[in-house]
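Residue numbers (UniProt numbering), protein chains in the order written: chain A, 1 to 159; chain V, 1 to 159.
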DNA sequence: TATAAAGAGGACTAAAATGGTCCTATATGG
DNA sequence: CCATATAGGACCATTTTAGTCCTCTTTATA
């Protein structure tokens, strides 16, 4: 399925929420209510995003979380990596090289390049793109010939 | 991690093996030996690929598996879909619309478009690309501006 | 300075997905 | 008729994931 984990999914939704009101700190409970997800889960997600450097936290009363960079400087890659670790389609995508099948495999290098292409694509999708809540009339069928990787972000703009 | 399952990984390796010698039928045991994976697992994988329409099977003695289409007509998407089901980054990527958070989410549509972009990218990678066992000197850093989705396949060619 | 509100960090459990094996049935060639 | 294959499931073990909870620290403010 090549699917994101649920937590990553939550993370994106939460980050988008924060991005839509970036000038004040948001607490876990506030976000939990807004996103209709249980508090502990949201809390956990926020911690991970914070540890990943995407959010700044302030403790104590009147504490909460704020984006550590502008929404257009936070990418989908960043969010995914913060929750799931480095993006790669195969175990050997990040060159740890401990796969003993490498010789019989003959496919590793190619998957690595595909992974790289996907990373590049996701680097082009920013939180700013994700946050604009386009109700999405119809899924835009991207004409193959004209789509470039950086325009993956463009494709998210409303029109 | 956005990772393929192990079985999908196996599937790719196995398909590549077959693609390199497309004119004869390959049995599960032969492929298992060649790929150094246990027979039952390879068998299972082959069954899935067959049920997914990527391989034709012949039973009985002298039976085995053959590609059902030419390697350049089988895509990475096909292989992934055969093992893992439809490609999509989120549960709601294939418009079943049973997510009750849709209203608070505001991100679904955008993930769908990203999923679509990835699908398109993977559609551009064929088994023919994957099968060429390029030992891969250095990972090719694709210059963002120049990479188009269909050229993801191109990027796999050796040079 | 006491208190309440918040996050940090980690332990823990339950549930689900995954990987892997095995068994029986069916088809096919010699 | 027998040996060799795949078909199709059932099944179990392991791992991953999701989700909860507890204790500690920080901070504002009454």
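Note that CB positions come from ideal geometry on N, CA and C, so glycine has one too. Here the structure is a predicted model, which is why all the values come from computation and not from measurement.
- The C-alpha of residue 56/V is placed about 42 Å away from the C-alpha of residue 11/A.
- Contacts with chain V at 8 Å (Cβ-Cβ) do not include residue 18/A.
- For residue 66/V, the three-state secondary structure derived from DSSP is strand.
- Between the region 26 to 40 of chain V and the region 42 to 53 of chain A, the count of Cβ pairs shorter than 8 Å is below three; the stretches do not touch.
- Taking C-beta atoms as the reference points, residue 71/V and residue 127/V count as a pair closer than 8 Å.
- Under the DSSP assignment, residue 84/V falls in the alpha helix (DSSP H) whose first and last residues are 76 to 84.
- The residue from 16/A, 122/A and 83/A with its alpha-carbon nearest to that of residue 131/A is 16/A.
- Annotation: residue 59/A is outside any alpha helix (DSSP H) and is labelled neither H nor E by DSSP.
- When Cβ-Cβ separations below 8 Å define contact, residue 2/V makes contact with chain A.
- Taking C-beta atoms as the reference points, residue 54/V and residue 77/V fail to come closer than 8 Å.
- The distance from the Cβ of residue 49/V to that of residue 2/A is about 17 Å, inconsistent with a contact at the 8 Å cut-off.
- Rounded to whole angstroms, residue 82/V and residue 14/V show a C-alpha spacing of 13 Å.
- Leaving aside the five residues that flank residue 52/A on each side, the residues in its chain whose CB is nearer than 6 Å to its CB run, in chain order, 82.
- In the DSSP secondary-structure assignment, residue 126/A is bridged to 75/A.
- Under the Cβ distance rule, residue 73/A does not count among the residues neighbouring chain V, no pair being separated by less than 8 Å.
- Within the model, the alpha-carbon separation for residue 29/A versus residue 22/V is close to 59 Å.
- Here residue 33/A is exposed: its Cβ has fewer than 16 other Cβ atoms, across all protein chains shown, within 10 Å.
- With 16 or more neighbouring CB atoms inside 10 Å of its own CB, residue 113/V falls in the buried class.
- Between the beta-carbon of residue 118/V and that of residue 121/A there is about 7 Å, and that keeps the pair under the 8 Å contact cut.
- If you look at residue 36/V, you'll find it isn't in any alpha helix (DSSP H); DSSP assigns it neither H nor E.
- Residue 118/A reaches chain V at 2, 118 and 121, counting residues in chain order whose Cβ is nearer than 8 Å.
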